[in-house]
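Counting with full-length UniProt numbering, you get residues 1 to 68 for the letters of the sequence shown.
Since the structure comes first, as structure tokens, the remarks are kept for the end.
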Amino acid sequence: MQITLSVEGMTCNHCEKAVKGALKEFEGVQGVEVHLESGNVDVMYDDVNVTKEQLKEAIEEQGYDVVS
């Protein structure tokens, strides 16, 4: 499954690494692409192992706001 999340507050490479690192800790996450200019994060994941809510929470725990 693939989802695009709109995330506010990402501005630099450190932000990108923080978000990628948080999401890749989940067993079901297969790929993460962070687009700083648009504020979007594309996540490819297995929805049997991880939920959309878990992905959102992981990003928010890094200090960013998931708006959709």
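No residue lacks a Cβ here, since even glycine has one placed at the ideal position from N, Cα and C.
Residues near residue i in its chain [Cβ-Cβ closer than 8 Å; skip 5 each side]
i          : result
residue 3  : 42, 43, 45, 52, 55
residue 50 : 26, 27, 28, 29
residue 60 : 66
Three-way DSSP call (helix, strand, coil) for residue i in this model
i           : result
residue 130 : A query on residue 130 cannot be resolved here, the shown segment of the chain reaching from 1 to 68 and no further.
residue 49  : coil
residue 34  : strand
Proximity of residue i and residue j at Cβ, strictly below 9 Å
i          : j          : result
residue 66 : residue 29 : no
Of the listed residues the options, nearest to residue i (C-alpha basis)
i          : options        : result
residue 21 : 12, 32, 11     : 32
residue 62 : 5, 17, 1       : 17
residue 68 : 48, 47, 40, 58 : 40
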